[in-house]
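Chemist: Numbering (our numbering), first residue to last: 1254 to 1450.
Even for Gly, the Cβ is constructed at its ideal location relative to N, Cα and C.
Because the structure is a prediction, the values reported are computed rather than measured.
1) Am I right that residue 1410 and residue 1273 are in contact with their C-beta atoms under 8 Å? What's the rounded C-beta distance?
2) Along the alpha helix (DSSP H) that carries residue 1395, what are the first and last residues, could you check?
3) Quick one, are the C-beta atoms of residue 1333 and residue 1394 less than 7 Å apart?
4) Going by the CB atoms, is the gap between residue 1423 and residue 1354 shorter than 7 Å?
5) What does a CB cutoff of less than 6 Å around residue 1254 pick up in its chain, not counting 5 residues either side in sequence?
6) Measuring CA to CA, which of 1438, 1413, 1437 is closest to residue 1204?
7) Within a Cβ cutoff of 8 Å, which residues of the same chain sit near residue 1404, ignoring the five residues on either side of it in sequence?
8) What residue does the beta strand (DSSP E) around residue 1405 start on, and which one ends it?
9) Please work out which residues of its chain come closer than 8 Å, Cβ to Cβ, to residue 1444, disregarding the five sequence neighbours upstream and downstream, and give them in chain order.
10) Let me know the secondary structure DSSP gives residue 1263 once reduced to three states.
11) What would DSSP say about residue 1387, mapped onto helix, strand or coil?
12) Looking at the unbroken beta strand (DSSP E) that takes in residue 1380, where does it start and where does it end?
13) Residue 1345 to residue 1397, Cα distance in whole Å?
14) Quick one: what's got a C-beta closer than 7 Å to residue 1385's C-beta in the same chain, skipping five residues either side?
15) Taking all protein chains shown into account, decide if residue 1294 is buried (16 or more other Cβ within 10 angstroms of its Cβ) or exposed.
16) Does DSSP put residue 1254 in a helix, in a strand, or in coil?
17) What first and last residue would you give for the alpha helix (DSSP H) that runs through residue 1328?
18) Quick one: what's got a C-beta closer than 7 Å to residue 1479's C-beta in the same chain, skipping five residues either side?
19) Report all residues from its chain with a CB closer than 6 Å to the CB of residue 1341; omit the five preceding and five following residues, and keep chain order.
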């Protein structure tokens, strides 16, 4: 039988908010708790949903002009913890690390910024660090975590939620992981090409 996992907590950290409302509505209806940062958190709350701040979990504010928001052991521990590993579970309890079952990320628009003729300084600021790290962490731990690496996958997750509720099979999670590494590979290739020009 396929290994089914329930989605209880979702970390949502996106650049573009369009198309997100329908997905959030379904997740909320399924009782999924939201965890978020900055503008995404405000967007979630503006739709009338409760949303815990990442800062309340990490006890650190967003720092360095927003360059560091999610990069913290309590966030990455919650994504990377193996749910069938006793040592991981013990450490989650010891360090008060909440389990994160779903990560929804939309990366800074690097390619669009380059195409717009922006300055080098502006382009550098559109190299996503936290987002790409969240994507890789979620994809690495696909055994336990669903990773939605771009808005192109919102509809895919919505279809799964509509047919199965807030749970996924291992095949679903592996498919999202494959797409996630595709997104990350494309993104890094674009950055590499810009540096190599």
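Modeler: So, to answer that:
1) Against the chain shown, residue 1410 aligns to sequence position 157. Against the chain shown, residue 1273 aligns to sequence position 20. 11 Å between Cβ atoms; not a contact.
2) The residue you call residue 1395 lines up with position 142 of the chain shown. Careful: residue 1395 lies outside any alpha helix (DSSP H) and carries neither H nor E.
3) Taking the first residue of the chain shown as 1, we reach residue 1333 at position 80. Taking the first residue of the chain shown as 1, we reach residue 1394 at position 141. Result yes, Cβ atoms of residue 1333 and residue 1394 sit closer than 7 Å.
4) In the chain shown, counting from the first residue as 1, residue 1354 sits at position 101. In the chain shown, counting from the first residue as 1, residue 1423 sits at position 170. For residue 1354 and residue 1423, no; Cβs fall outside 7 Å.
5) Mapped onto the chain shown, residue 1254 falls at position 1. In this prediction, residue 1254 has a pLDDT of 42, which is less than 50 and means its spatial position is unreliable; nothing more can be read from the coordinates.
6) The chain is shown from 1254 up to 1450; residue 1204 falls before or after that span and cannot be answered.
7) Within the chain shown, numbered from 1, the residue matching residue 1404 stands at position 151. Hits under 8 Å: 1267, 1269, 1271, 1272, 1273, 1359.
8) Locating residue 1405 in the chain shown gives position 152, counting from the first residue. Element bounds for residue 1405: n/a, residue is neither H nor E.
9) Residue mapping note: residue 1444 aligns to position 191 of the chain shown, counting from 1. Around residue 1444: 1363, 1380.
10) As a first step, residue 1263 must be located in the chain shown, where it is residue number 10. Here residue 1263 sits in strand by DSSP.
11) Position 134 of the chain shown holds residue 1387. Helix at residue 1387.
12) Mapped onto the chain shown, residue 1380 falls at position 127. Counting along the chain, residue 1380 falls outside any beta strand (DSSP E), and DSSP gives it neither H nor E.
13) Within the chain shown, numbered from 1, the residue matching residue 1345 stands at position 92. Within the chain shown, numbered from 1, the residue matching residue 1397 stands at position 144. If I take the Cα positions, the gap works out to 15 Å.
14) If you number the chain shown from 1, residue 1385 lands on position 132. Closer than 7 Å at the Cβ level, and outside the excluded window around residue 1385, lie 1360, 1437, 1440.
15) By 1-based counting over the chain shown, the position of residue 1294 is 41. Buried: at least 16 other Cβ atoms inside 10 Å.
16) Taking the first residue of the chain shown as 1, we reach residue 1254 at position 1. With a pLDDT of 42 at residue 1254, under the threshold of 50, the predicted position of this residue should be treated as unreliable, and no value is reported.
17) Counting from 1 along the chain shown, the entry for residue 1328 is found at position 75. Residue 1328 -> alpha helix (DSSP H) spans 1326 to 1333.
18) Nothing about residue 1479 can be read from this structure; the chain reaches only from 1254 to 1450.
19) Within the chain shown, residue 1341 is the residue found at index 88, counting from 1. Hits under 6 Å: 1334, 1335.
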